[in-house]
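There are 2 protein chains.
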Amino acid sequence: MRSDSRPVDVRELIRKGEIEGPTSGMCLGYVQANLVVLSKDMAYDFLLFCQRNPKPCPLLDVTEVGSPEPKIIAPGADLRYELSRYRIYKNGELVGEVGDIAGYWREDSIAFLLGCSFTFEGSLMRSGIPMRHIEEGHNVPMYITDIECYPSGTFSGPMVVSMRPVLEEMVVKAVQITSKFPRVHGAPIHIGNPEGIGIVDLNRPDFGEPVTVKRGEIPLFWACGVTTQVIALRAKPEIMMTHSPGHMFISDILNEEYSLL
Amino acid sequence: MRSDSRPVDVRELIRKGEIEGPTSGMCLGYVQANLVVLSKDMAYDFLLFCQRNPKPCPLLDVTEVGSPEPKIIAPGADLRYELSRYRIYKNGELVGEVGDIAGYWREDSIAFLLGCSFTFEGSLMRSGIPMRHIEEGHNVPMYITDIECYPSGTFSGPMVVSMRPVLEEMVVKAVQITSKFPRVHGAPIHIGNPEGIGIVDLNRPDFGEPVTVKRGEIPLFWACGVTTQVIALRAKPEIMMTHSPGHMFISDILNEEYSLL
Numbered sequence: 000m001r002s003d004s005r006p007v008d009v010r011e012l013i014r015k016g017e018i019e020g021p022t023s024g025m026c027l028g029y030v031q032a033n034l035v036v037l038s039k040d041m042a043y044d045f046l047l048f049c050q051r052n053p054k055p056c057p058l059l060d061v062t063e064v065g066s067p068e069p070k071i072i073a074p075g076a077d078l079r080y081e082l083s084r085y086r087i088y089k090n091g092e093l094v095g096e097v098g099d100i101a102g103y104w105r106e107d108s109i110a111f112l113l114g115c116s117f118t119f120e121g122s123l124m125r126s127g128i129p130m131r132h133i134e135e136g137h138n139v140p141m142y143i144t145d146i147e148c149y150p151s152g153t154f155s156g157p158m159v160v161s162m163r164p165v166l167e168e169m170v171v172k173a174v175q176i177t178s179k180f181p182r183v184h185g186a187p188i189h190i191g192n193p194e195g196i197g198i199v200d201l202n203r204p205d206f207g208e209p210v211t212v213k214r215g216e217i218p219l220f221w222a223c224g225v226t227t228q229v230i231a232l233r234a235k236p237e238i239m240m241t242h243s244p245g246h247m248f249i250s251d252i253l254n255e256e257y258s259l260l
Numbered sequence: 000m001r002s003d004s005r006p007v008d009v010r011e012l013i014r015k016g017e018i019e020g021p022t023s024g025m026c027l028g029y030v031q032a033n034l035v036v037l038s039k040d041m042a043y044d045f046l047l048f049c050q051r052n053p054k055p056c057p058l059l060d061v062t063e064v065g066s067p068e069p070k071i072i073a074p075g076a077d078l079r080y081e082l083s084r085y086r087i088y089k090n091g092e093l094v095g096e097v098g099d100i101a102g103y104w105r106e107d108s109i110a111f112l113l114g115c116s117f118t119f120e121g122s123l124m125r126s127g128i129p130m131r132h133i134e135e136g137h138n139v140p141m142y143i144t145d146i147e148c149y150p151s152g153t154f155s156g157p158m159v160v161s162m163r164p165v166l167e168e169m170v171v172k173a174v175q176i177t178s179k180f181p182r183v184h185g186a187p188i189h190i191g192n193p194e195g196i197g198i199v200d201l202n203r204p205d206f207g208e209p210v211t212v213k214r215g216e217i218p219l220f221w222a223c224g225v226t227t228q229v230i231a232l233r234a235k236p237e238i239m240m241t242h243s244p245g246h247m248f249i250s251d252i253l254n255e256e257y258s259l260l
């Protein structure tokens, strides 16, 4: 039932506490987004970091100072209540997981919403390219690479990538399909040899769980929104709020709109 | 000779005052960029304006506070000297045109470089779609539309578009080619009827010169970088510097790099 629900209805259920779990599979066809909330004093450097690193950090919306409403991707929504689980960080340390962030929101808070690769996974699967992590029922494996992002102010560090194994004969198609979604990470940043981007062991991801890579399959690596969290935590902001992994913000924008250039 | 010169050599000649004219036709194949210099206090709102309006305002590079070096698109270059002509605005009024901006540059100056449609005109012409304004030997016609940009802080106002007439049977190809360049305005924002976007008379552009639209041709409208100048001037910044029309910054980036997603 929830897979074909409208985003506004699912967000209302989340707000009422009637949905508490991850959002994977909900409101199929609608863009889900990563959330990062910072205070105004860090906002310029973070905004510029995203502008300089559009593949890992594809910005979809930025709220007005103090406003929790994402006017572009979900007018009327309230980011303080309409995600099912949040993480609170103080000075770079995780201090808690909460169901809403009303108590932490400040007059100088700004929310940044970033594209998520959920958006292109549907297109890949409909084109006959299976997602191994979905088949195996867990989160996608993510790795810290040796590719340095362009720094901005206090924000600097390595790019994080997600990995999906793809049959040799489907690699070109996977590049073509994801190239059509530049606002949700776009084409892979690397194909094949993990060591080429500083990944020592595919079986030991830095985030998420490892997946089976079968004979005849090539690992494909896409820039990943978790980059933002790694970078932001290195900058040790006094306070930062994010979604909890898998508990994304469901927007009113259809995936197809982000395949337009 | 200058059409196949390296950007670094042409910039050196500009710096020495040996080139003073417009840059159209120079260093073919390299991206040329619009320049807007603002002070730090306006930078966050302007950066967010560009993020919210990527079609008219495709940001290619933003310098560090006080630094005139565009590290991403031309490392080592100095934006104070390496454009052939600049405009100086105070409180929204044009106060002069100068050959360098060293005397106006401040410790809190930030330079923004934005994509320019010169980049896709070469691809259109090589595909057999002639550029009427080039045939007629003058600037492209530009119009203020009734399409409102997403505002950001003090920055708000209408989108400016450039117009190129295209033969009916080439319209699809023109959309396809320019779609491949999302970082230099991308696909047209409107095809056909000028009144549909608030343009009353094609023969009276707000900037540039009118072009002949022949029988069997359709006017195609692309978001235009002049939007930034119109918007910035409405915000009446204490000081703003820009390139003079046609006197663009020539970067070290090949056009082809901006056709990758």
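Chains as they are written, first to last, in numbering that gives the first Met the number 0: chain A, 0 to 260; chain B, 0 to 260. Where is the CB? At the ideal position from N, CA and C, for every residue including glycine.
Item to check | Own chain partners of B/Tyr149 with C-beta closer than 7 Å, once the 5 adjacent residues on each side are dropped | outcome: One-based indexing of the second sequence puts residue 149 of chain B at position 150. The residues Arg51 and Asn52, in chain order, have a CB closer than 7 Å to that of B/Tyr149 in the same chain once the five nearest residues on each side in sequence are set aside.
Next on the checklist: So for B/Leu201, helix, strand or coil by DSSP?
Outcome noted: The count along the second sequence starts at 1 and reaches residue 201 of chain B at position 202. Three-state DSSP puts B/Leu201 in coil, outside helix and strand.
Checklist entry - Who are the near neighbours of A/Met169 in its chain, counting only those whose CB is closer than 6 Å to its CB and skipping five residues on each side? => result By one-based count along the first sequence, residue 169 of chain A stands at place 170. Cβ within range, chain order: Ile128.
Item to check | B/Gly127 (DSSP reduced to helix, strand or coil) | outcome: In the second sequence, the residue the question calls residue 127 of chain B occupies position 128. When DSSP states are grouped into helix, strand and coil, B/Gly127 belongs to the coil group.
Item to check | Closer than 8 Å at the beta carbon, the chain B residues around A/Gln50 | outcome: Taking the first residue of the first sequence as 1, we reach residue 50 of chain A at position 51. Here the neighbours are Leu46, Cys49, Gln50, Leu58 and Val61.
Item to check | Which of helix, strand or coil DSSP assigns to A/Gly95 | outcome: Taking the first sequence and counting its residues from 1, one reaches residue 95 of chain A at position 96. Looking at A/Gly95 - three-state DSSP - the assignment turns out to be strand.
Next on the checklist: Among the candidates A/Ser151, A/Gly156 and A/Phe119, whose CA atom is the shortest distance from the CA of A/Leu178?
Outcome noted: Position 179 of the first sequence holds residue 178 of chain A. It is Ser, not Leu, that sits at residue 178 of chain A in the sequence shown. Closest option to A/Ser178, judged by alpha-carbon separation, among A/Ser151, A/Gly156 and A/Phe119: A/Phe119.
Item to check | Coarse secondary structure for A/Gly114, derived from DSSP in three states | outcome: Position 115 of the first sequence holds residue 114 of chain A. A/Gly114: strand per DSSP, three-state reduction.
Checklist entry - Checking contacts by CB at 7 Å: is B/Tyr85 closer than that to chain A? => result The count along the second sequence starts at 1 and reaches residue 85 of chain B at position 86. Taking a beta-carbon distance threshold of 7 Å, B/Tyr85 does not count as an interface residue toward chain A.
Checklist entry - Beta carbon of A/Phe154, beta carbon of A/Ile188: below 7 Å? => result Counted from its first residue, the first sequence places residue 154 of chain A at position 155. Counted from its first residue, the first sequence places residue 188 of chain A at position 189. Not closer than 7 Å, so no.
Next on the checklist: Please report whether the beta-carbon of A/Tyr257 lies at a distance below 7 Å from any beta-carbon of chain B.
Outcome noted: Translated into positions along the first sequence, residue 257 of chain A becomes position 258. At least 7 Å separates the CB of A/Tyr257 from every CB of chain B.
Checklist entry - Is there at least one Cβ from chain B nearer than 7 Å to A/Tyr43's Cβ? => result Taking the first residue of the first sequence as 1, we reach residue 43 of chain A at position 44. Against chain B, the CB of A/Tyr43 has a partner CB under 7 Å away; the residue lies at that interface.
Next on the checklist: Tell me the residue span of the beta strand (DSSP E) that contains A/Tyr145.
Outcome noted: Counting from 1 along the first sequence, the entry for residue 145 of chain A is found at position 146. Inspection of the sequence shows that residue 145 of chain A is occupied by Asp rather than by Tyr. Counting along the chain, the beta strand (DSSP E) containing A/Asp145 begins and ends at Met141 to Glu147.
Checklist entry - A/Tyr149 touches chain B at which residues, Cβ-Cβ below 9 Å? => result Along the first sequence, read from residue 1 onward, the residue named residue 149 of chain A stands at position 150. Taking a Cβ-Cβ threshold of 9 Å, the residues of chain B close to A/Tyr149 are Lys70 and Ile71, in chain order.
Next on the checklist: Determine whether the beta carbon atoms of A/Pro140 and A/Pro204 lie at a separation below 7 Å.
Outcome noted: In the first sequence, counting from the first residue as 1, residue 140 of chain A sits at position 141. In the first sequence, counting from the first residue as 1, residue 204 of chain A sits at position 205. Contact annotation: A/Pro140 and A/Pro204 have beta-carbon atoms nearer than 7 Å.
Next on the checklist: Quick check on DSSP: helix, strand or coil for B/Leu78?
Outcome noted: Here residue 78 of chain B refers to the residue found at position 79 when the second sequence is read from its first residue. Coil, per DSSP.
Item to check | Delimiting residues of the beta strand (DSSP E) encompassing A/Leu253 | outcome: Within the first sequence, residue 253 of chain A is the residue found at index 254, counting from 1. Residues Phe248 to Leu253.
Item to check | Nearest-angstrom Cα separation, counted from A/Leu253 out to A/Arg5 | outcome: On the first sequence, position 6 is the one that residue 5 of chain A refers to. On the first sequence, position 254 is the one that residue 253 of chain A refers to. Rounded to the nearest whole angstrom, the CA to CA distance from A/Arg5 to A/Leu253 is 11 Å.
Checklist entry - In the structure shown, what three-state DSSP assignment does B/Val39 receive? => result For this step, residue 39 of chain B is matched to residue 40 along the second sequence. A quick correction: the sequence has Lys, not Val, at residue 39 of chain B. Three-state DSSP puts B/Lys39 in a helix.
Checklist entry - From B/Leu232, B/Pro57 and B/Glu216, pick the residue whose C-alpha is nearest to that of B/Gly191; which is it? => result Position 192 of the second sequence, counted from the start, is the residue given in the question as residue 191 of chain B. Considering only B/Leu232, B/Pro57 and B/Glu216, the residue with the shortest C-alpha distance to B/Gly191 is B/Glu216.
Next on the checklist: Is it buried or exposed, A/Asn33, if we count other Cβ atoms within 10 angstroms and call 16 or more buried?
Outcome noted: Translated into the one-based positions of the first sequence, residue 33 of chain A becomes position 34. For A/Asn33, the number of other beta carbons within 10 angstroms of its own is at least 16, and it is reported as buried.
Item to check | DSSP beta-bridge partners of B/Lys89 | outcome: Taking the first residue of the second sequence as position 1, residue 89 of chain B is located at position 90. Note: B/Lys89 sits in a beta bridge opposite B/Glu92 and B/Ile238.
Next on the checklist: Quick check on DSSP: helix, strand or coil for A/Glu216?
Outcome noted: One-based indexing of the first sequence puts residue 216 of chain A at position 217. Three-state result, A/Glu216: strand.
Checklist entry - Can you tell me the Cα-Cα spacing of B/Thr241 and A/Glu17, whole angstroms? => result Along the second sequence, read from residue 1 onward, the residue named residue 241 of chain B stands at position 242. Along the first sequence, read from residue 1 onward, the residue named residue 17 of chain A stands at position 18. Counting only the Cα atoms, A/Glu17 lies some 54 Å from B/Thr241.
Next on the checklist: One question on the structure: do A/Val94 and A/Tyr85 come within less than 7 Å of each other, judged by their Cβ atoms?
Outcome noted: Residue 94 of chain A sits at position 95 when you count from the first residue of the first sequence. Residue 85 of chain A sits at position 86 when you count from the first residue of the first sequence. Judged by beta-carbon spacing, A/Tyr85 lies beyond the 7 Å limit of A/Val94, meaning their Cβ atoms are not closer than that value.
Checklist entry - What's the gap between the Cα of B/Thr22 and the Cα of A/Lys235? => result As a working mapping, residue 22 of chain B is identified with position 23 in the second sequence. As a working mapping, residue 235 of chain A is identified with position 236 in the first sequence. So the alpha carbons of these two residues sit roughly 45 Å apart.
Next on the checklist: I believe B/Tyr29 touches B/Ser243 by the beta-carbon criterion, under 8 Å. Please report the beta-carbon distance rounded to the nearest angstrom.
Outcome noted: As a first step, residue 29 of chain B is located in the second sequence; it is residue number 30 there, counting from the start. As a first step, residue 243 of chain B is located in the second sequence; it is residue number 244 there, counting from the start. Going by Cβ atoms, the distance from B/Tyr29 to B/Ser243 rounds to 19 Å, so no, they are not a contact pair.
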